[in-house]
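> Numbering-wise, the sequence shown is residues 1172 to 1908 according to our numbering.
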Amino acid sequence: MSDTTQGGAAAYTVVGGGAIGGTLAFALARAGHPVTVVDADPAHVEAIRAHGLVLAQGDRRTSVPVRAVTPDAFDGSLGRVLLAVKAQATRGAVEWIAPRLEPDGYVVSVQNGFNEDLVAEYVGIDRTVAAFVNIFADVVEPGVIMDGGTGALVMGEPNGAPVGERVRSLVADLQSWGPARASDNVEGYLWAKAGFGAMLAATALADAPMADLIDRHRPAMAALTAEVFAVADRRGVTLQAFDAFDPEPFRQGVDAASREAAFDRLTAWLRTQSKDRSGIWRDLAVRHRPVEVTTHYRDVVAYATELGLPTTLLRTVMDGLRELEGAPETMSEGRLDALDRLAGPDLDDGDPGVQVQRWLEEHREEMVADLAAYTAQGSASDDLDALGACLTWLRGWLDERLGAAASEEVLRREAAGDVLIRRYPARDATAADARPVLLLGHYDTVWPTGTLESWPFRREGDTVTGPGVFDMKAGLVQAVWALCALDALGLPRPAVTLMLNGDEETGSLASRDAIVETGRDCRLAMVFEAAVDGAIKTARKGVGLFTLTVTGSEAHAGLDPTAGASAVDELACQIIRLADLRDLEAGTSLNVGVIEGGTRSNVTAGRASAHLDVRVASAAEQDRVTRALANLRPEHPLTRLEVTGDWNRPVFERSEQVAEAAELAKTVARRLGHDLAEASVGGASDGNFLAAAGVPVLDGIGAVGRGAHARTECASVAGMVFRSALTGGVLVRLAGE
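Structure follows, in structure tokens:
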């Protein structure tokens, strides 16, 4: 390096002569190292030229001579570079450094945040040195750095490589500042600082000493730090303690006593520092300039989104700081009070589902009120006027709760309820699969118009009753409130398509094609049919509705009993034959539910029919039964058989994709304190159409209760909150996977 030594002392260029850069430049220059400060502030540069670089410690000021230039006035090459600009200025700085850096030169990122990858992008990983810095200092006037007290400085090779000679040399030189040290786990320090720094960032929301604010708002500070450390843990980072900050007590799951003791140590240490407010606060309140912290926490939020982890409090703090950049006079401790409320009592769990559940608990009565209003809308499958009025109500309610959709389609149907399709865009989603998630439900019920007069919506404690609450009006309320929670908390979610049909209870004959067409473009369909004993449904039987009609030959049964051919007798023979198609071990059932035939007792029946309900658990069984029905042959040669009808719902089998979706839901449920079961059921739903079309399906994600199609129909309010939080948690995970 051309600037390697002068008089035996290594020369350094400090790019960015603010609080950190100025402090280190002062220490190196005082120890006899030739130092050049490159800073974009002409006033700061001119003051250093005129009076030297000044360090203020209380009332005492000490000056050392250093060379100071602006970037455009710099002439020469670069060897050892300490990069100390604000995080948001990193790219511009390394673009300036790269063409001037000597082949054996290197750049040390003595900055807040995670900047090594960006530095390496321009100068190469072999010319990048990782560093962690926790220095309490401020620029109080041009050319003057206020020393805020002792701190920490750790250096190492990037990506945790073993410490080499250049790092040991750097550490030896920088011990002129204080307790600099080398480590092969700089990343552990950086992530620990990210947690601690999140607290300091939060204190900038108010105008009071850092120690006091952290002390008074321990719930928010603990939850905020836990969010950051949850990301570090998932990334496999080993956190490192520094100064008076021990990260371990602030991780999720640590007992409250240990955390409180850690807060005591931390706040006591902060009160010994001469700098009682953060540099973030000073940028806002004194310098009236944008803060860097919103830039370097962008990485944390991005990592969290990628991992499906929440950063609700961190996002709230960053949003607050951005607001203060334009209106610092609105600093208020009330902002921290709001953070405390957002943190809630469960400080050791920052999971998105938990965040959603906590928020929904605060809004459960609004959820119940919405269900009551929805249940009051009669929607019998055979009453087109009632269905139309209900759908009009639903569209207004959806606008109120979710705002206008990106697009809406109402597919008109002549003899059934119309089909509603609303599409909502993704927010902050990082998943490679950008296809939407389909939220599927139906708004028709089996209950005849007028049922509400004798059986209105009622609530008794945790239980709500009324026509359709379980199948499936509570399910739709849960889906909508899950989206409300994600919006309110600023959590990421994938694109969502909400689809509602009005003929599910009559077989979805008018909507099945639209359901399949819409679902083909979706990565997952969540069907908000009711749960079965709290379990989700990952397999459903296919349903076939058939009619076997026998045509015989009429005759007088008394005068000529051998004449003619009885359709009833033939039908009886065929029913016995049909019974052989049952295979309960294979999941196949067949029920002859209604028999009709003949005209009079003294007439040999010329016609008879049987209505069949067939349920199968696999496509193979469906094919077997289909072939068997097609191959039925009459016993009596003078009779004819005809089988009409079809498979109303195809088989919904537990495919590998369905199993993966179920495991995702179970993982989210475990974070909410529930063991989520899955079940295979004989009843069919619109999920059958989608599963048969190859779309992964999570069914039975709706209400927890009992009594579908019966006057005992009811749903659990607590179950609504849980299942809505489960939905929200799954959507957040899908936004990042």
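Beta carbons: idealized from backbone N, C-alpha and C, even for Gly.
1) Determine, using beta-carbon pairs with one atom in the stretch 1335-1349 and one in the stretch 1193-1202, whether at least three such pairs fall under 8 Å.
2) Do Ala1415 and Trp1452 have their beta-carbon atoms positioned less than 9 Å apart in this structure?
3) Is the stretch 1660-1677 touching the stretch 1586-1602 in the sense that three or more CB pairs, one from each, lie closer than 8 Å?
4) With the cut-off set at 9 Å, would you say Met1538 and Met1317 are in Cβ contact?
5) Could you tell me the boundaries of the alpha helix (DSSP H) in which Trp1267 lies?
6) Could you spell out the range, first to last residue, of the alpha helix (DSSP H) harbouring His1467?
7) Inspect the CB distances between the stretch 1835-1848 and the stretch 1798-1805 and report whether three or more fall short of 8 Å.
8) For my contact list, Val1300 and Tyr1277 are in at a C-beta cut-off of 8 Å; report their separation, rounded to the angstrom.
9) Could you give the distance in angstroms between the alpha-carbon of Ala1473 and the alpha-carbon of Thr1483?
10) Counting pairs of beta carbons, one from the stretch 1889-1908 and one from the stretch 1640-1655, are three or more of them closer than 8 Å?
11) Report the CB separation of Thr1720 from Thr1810 in whole angstroms; it is logged as a contact under 8 Å.
12) Cα-Cα, which of Val1206, Arg1231, Asp1230, Ala1227 is closest to Arg1220?
13) Looking at Asp1378 and Met1489, is the spacing between their C-beta atoms short of 9 Å?
14) Would you identify the three-state DSSP class for Leu1669, choosing helix, strand or coil?
15) Taking its Cβ as the centre, do 16 or more other Cβ atoms sit within 10 Å of Ala1182, making it buried, or is it exposed?
16) Just checking my contact of Gln1228 with Ala1258 at CB under 8 Å: how many whole Å lie between their CB atoms?
17) List the endpoints of the continuous beta strand (DSSP E) containing Tyr1595.
18) So Ser1724 and Ala1736 are supposed to be a Cβ contact under 8 Å. How far apart are they, rounded?
19) Considering just the uninterrupted stretch of the alpha helix (DSSP H) at Asn1859, what are its terminal residues?
20) Return the residue from the list Val1338, Leu1376, Val1256, Ala1576 that minimises the CA-CA distance to Gly1497.
21) Between which two residues does the beta strand (DSSP E) holding Met1697 run?
22) Out of curiosity, what's the CA-to-CA distance linking Phe1421 and Arg1405?
23) Give the range of the beta strand (DSSP E) segment to which Ser1429 is assigned.
24) Classify Ile1747: buried if its beta carbon has 16 or more other beta carbons within 10 angstroms, exposed otherwise.
25) Can you check whether the CB of Gly1284 is closer than 9 Å to the CB of Tyr1468?
26) So, with DSSP's three-state summary, where would you put Ala1180?
27) In whole angstroms, what separates the C-alpha of Ile1766 from that of Asn1773?
28) Am I right that Ser1856 and Arg1711 are in contact with their C-beta atoms under 8 Å? What's the rounded C-beta distance?
29) Are the CB atoms of Thr1668 and Gly1549 within a distance shorter than 9 Å?
30) Within the same chain, show all residues whose beta-carbon is closer than 7 Å to that of Val1462, passing over the 5 residues directly before and after it, in chain order.
31) Between Gly1322 and Pro1418, what straight-line distance do the alpha-carbon atoms span, to the nearest angstrom?
32) Whether or not the stretch 1689-1699 and the stretch 1860-1869 are in contact is what I'm after, with contact meaning three or more pairs of Cβ atoms, one per stretch, closer than 8 Å; do they touch?
33) Flag this pair as yes or no: are the beta carbons of Phe1860 and Val1687 separated by less than 9 Å?
34) Buried or exposed: where does Asp1520 fall if 16 or more other Cβ atoms within 10 Å of its Cβ makes it buried?
35) Taking the alpha-carbon positions, what's the Phe1367 to Thr1409 distance?
36) Quick check: the Cα distance between Gly1777 and Arg1771, rounded to an integer number of angstroms?
Answer, in terms of the structure:
1) yes
2) The sequence position of residue 1452 within the sequence shown is 281, counting from 1. The sequence position of residue 1415 within the sequence shown is 244, counting from 1. The answer is no: Cβ separation not under 9 Å.
3) yes
4) Within the sequence shown, numbered from 1, the residue matching residue 1538 stands at position 367. Within the sequence shown, numbered from 1, the residue matching residue 1317 stands at position 146. One thing to note: Met1538 has its Cβ no nearer than 9 Å to the Cβ of Met1317.
5) Taking the first residue of the sequence shown as position 1, residue 1267 is located at position 96. 1261-1268 is the span of the alpha helix (DSSP H), which, as asked, contains Trp1267.
6) To locate residue 1467, count along the sequence shown from 1; it is residue 296. Boundaries of the alpha helix (DSSP H) harbouring His1467: 1464-1478, taken from the DSSP string.
7) no
8) By one-based count along the sequence shown, residue 1300 stands at place 129. By one-based count along the sequence shown, residue 1277 stands at place 106. Val1300 to Tyr1277, Cβ: 5 Å. Contact.
9) Here residue 1473 refers to the residue found at position 302 when the sequence shown is read from its first residue. Here residue 1483 refers to the residue found at position 312 when the sequence shown is read from its first residue. About 13 Å.
10) With a cut-off of 8 Å, the stretch 1640-1655 and the stretch 1889-1908 count as touching, because enough Cβ pairs lie within range.
11) The residue given as residue 1720 occupies position 549 in the sequence shown. The residue given as residue 1810 occupies position 639 in the sequence shown. Thr1720 to Thr1810, Cβ: 11 Å. No contact.
12) As a working mapping, residue 1220 is identified with position 49 in the sequence shown. Checking every option, the nearest Cα to that of Arg1220 belongs to Val1206.
13) In the sequence shown, counting from the first residue as 1, residue 1489 sits at position 318. In the sequence shown, counting from the first residue as 1, residue 1378 sits at position 207. Taking 9 Å as the Cβ cut-off, Met1489 and Asp1378 do not qualify as a contacting pair.
14) The residue given as residue 1669 occupies position 498 in the sequence shown. It is a strand residue.
15) Position 11 of the sequence shown, counted from the first residue, corresponds to residue 1182. Buried: at least 16 other Cβ atoms inside 10 Å.
16) Position 57 of the sequence shown, counted from the start, is the residue given in the question as residue 1228. Position 87 of the sequence shown, counted from the start, is the residue given in the question as residue 1258. Not really, about 27 Å apart at Cβ, beyond 8 Å.
17) Numbered from 1 along the sequence shown, position 424 holds the residue referred to as residue 1595. Where Tyr1595 is concerned, the enclosing beta strand (DSSP E) stretches over 1588-1595.
18) For the purposes of this step, residue 1724 is identified with residue 553 of the sequence shown, where counting begins at 1. For the purposes of this step, residue 1736 is identified with residue 565 of the sequence shown, where counting begins at 1. Sure, about 4 Å apart at Cβ, within 8 Å.
19) As a working mapping, residue 1859 is identified with position 688 in the sequence shown. In this chain, the alpha helix (DSSP H) harbouring Asn1859 covers 1858-1863.
20) Sequence index remark: in the sequence shown, residue 1497 carries index 326 (1-based). Taking only the C-alpha atoms, the option nearest Gly1497 is Leu1376.
21) On the sequence shown, residue 1697 is found 526 positions in, with the first residue counted as 1. First-last of the beta strand (DSSP E) with Met1697: 1695-1698.
22) Walking along the sequence shown from the start, residue 1421 turns up at place 250. Walking along the sequence shown from the start, residue 1405 turns up at place 234. Approximately 15 Å, taken between the alpha carbons.
23) One-based indexing of the sequence shown puts residue 1429 at position 258. Segment 1427-1441 is the alpha helix (DSSP H) holding Ser1429; no beta strand (DSSP E) there.
24) To locate residue 1747, count along the sequence shown from 1; it is residue 576. By the neighbour-count rule (16 or more Cβ atoms within 10 Å), Ile1747 is not buried but exposed.
25) Here the question's residue 1468 lines up with position 297 in the sequence shown. Here the question's residue 1284 lines up with position 113 in the sequence shown. Yes, the pair counts as a contact, with Cβ atoms nearer than the cut-off.
26) For the purposes of this step, residue 1180 is taken as the residue at position 9 of the sequence shown. Strand at Ala1180.
27) Taking the first residue of the sequence shown as position 1, residue 1766 is located at position 595. Taking the first residue of the sequence shown as position 1, residue 1773 is located at position 602. If you take the alpha carbons of Ile1766 and Asn1773, they lie about 19 Å apart.
28) Position 685 of the sequence shown, counted from the first residue, corresponds to residue 1856. Position 540 of the sequence shown, counted from the first residue, corresponds to residue 1711. Correct: roughly 6 Å between the Cβ atoms.
29) In the sequence shown, the residue the question calls residue 1549 occupies position 378. In the sequence shown, the residue the question calls residue 1668 occupies position 497. For Gly1549 and Thr1668, no; Cβs fall outside 9 Å.
30) Your numbering for residue 1462 matches position 291 in the sequence shown. Excluding residues within five positions, the ones whose Cβ falls inside 7 Å are Ile1451, Asp1454, Leu1455, Leu1492, Glu1496.
31) Stepping through the sequence shown from its first residue, residue 1322 is reached at position 151. Stepping through the sequence shown from its first residue, residue 1418 is reached at position 247. Answer to the nearest angstrom: the Cα atoms are 16 Å apart.
32) yes
33) Within the sequence shown, the letter at position 689 stands for residue 1860. Within the sequence shown, the letter at position 516 stands for residue 1687. Cβ distance < 9 Å, so Phe1860 and Val1687 count as in contact.
34) On the sequence shown, position 349 is the one that residue 1520 refers to. Unreliable placement is indicated for Asp1520, whose pLDDT of 48 sits below 50; the coordinate value is still reported in the next sentence. With 16 or more other Cβ atoms within 10 Å, it is buried.
35) By 1-based counting over the sequence shown, the position of residue 1367 is 196. By 1-based counting over the sequence shown, the position of residue 1409 is 238. If you take the alpha carbons of Phe1367 and Thr1409, they lie about 15 Å apart.
36) Numbered from 1 along the sequence shown, position 606 holds the residue referred to as residue 1777. Numbered from 1 along the sequence shown, position 600 holds the residue referred to as residue 1771. Using only the alpha carbons, I get a separation of about 10 Å.
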